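Okay, structure first, notes after.
Numbering (my numbering), first residue to last: 1 to 167.
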């Protein structure tokens, strides 16, 4: 059951095509962060998933929830992805996906203020997925985020100091 009024159920109707179902794992992840909907986010990962952002590695759904969902879901944020390319292995239970991403972050309640500090970032995603044998949902096993650039105030995310960062 979705915990946000801004999201749809985990299982959509009518059933998705295989490629749509793989892409939906990424969409569930990002919508879970942005709305915020913890159940939707958790539906997108395996229990032993690994999230890699640059040199930072987060292992397991509990740590992903603590280190990714908890801080990001409190922000005014939107994540956009495009250029999805999906490869489903012949076994039909494993897939890889690449995407280009853009993410905008504001401190809680400040997203609509024109002069509010913000952090904008962009870069590629490489994602390894597996199909859940029980429910048939595709889930992220390994999510690798390769930030190419950031613009704005990194403290919007870290909550420390107030340095401007442009790269």
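Even for Gly, the Cβ is constructed at its ideal location relative to N, Cα and C.
Only a predicted model underlies this, so the values are computations on that prediction, with no experimental measurement involved.
Item                                                                                                                                                                           : Value
Restricting to Cα atoms, I'd like to know which of 8, 35, 129, 141 is closest to residue 87.                                                                                   : 129
May I ask you to report which of helix, strand or coil DSSP gives residue 115?                                                                                                 : coil
Excluding the 5 residues preceding and the 5 following residue 35 in the sequence, name in chain order all residues of the same chain whose CB lies nearer than 7 Å to its CB. : 4, 6, 7
Once the 5 residues before and after residue 10 are set aside, which same chain residues still bring their CB inside 8 Å of it?                                                : 2, 28, 39, 40, 43, 137
Indicate the three-state DSSP secondary structure (helix, strand or coil) for residue 86 in the structure shown.                                                               : strand
Once DSSP output is grouped into helix, strand and coil, what is the label at residue 164?                                                                                     : Bear in mind that a pLDDT of 47 at residue 164, under 50, signals an unreliable position, so the model cannot answer this.
Closer than 7 Å by C-beta to residue 83: which residues in its own chain qualify, once you throw out the five before and the five after it? Chain order, please.               : 99, 100
Flag this pair as yes or no: are the beta carbons of residue 69 and residue 102 separated by less than 9 Å?                                                                    : no
Whose C-alpha, out of 19, 78, 74, is nearest the C-alpha of residue 31?                                                                                                        : 78
Assuming residue 57 is part of the beta strand (DSSP E), what are its boundary residues?                                                                                       : 56-59
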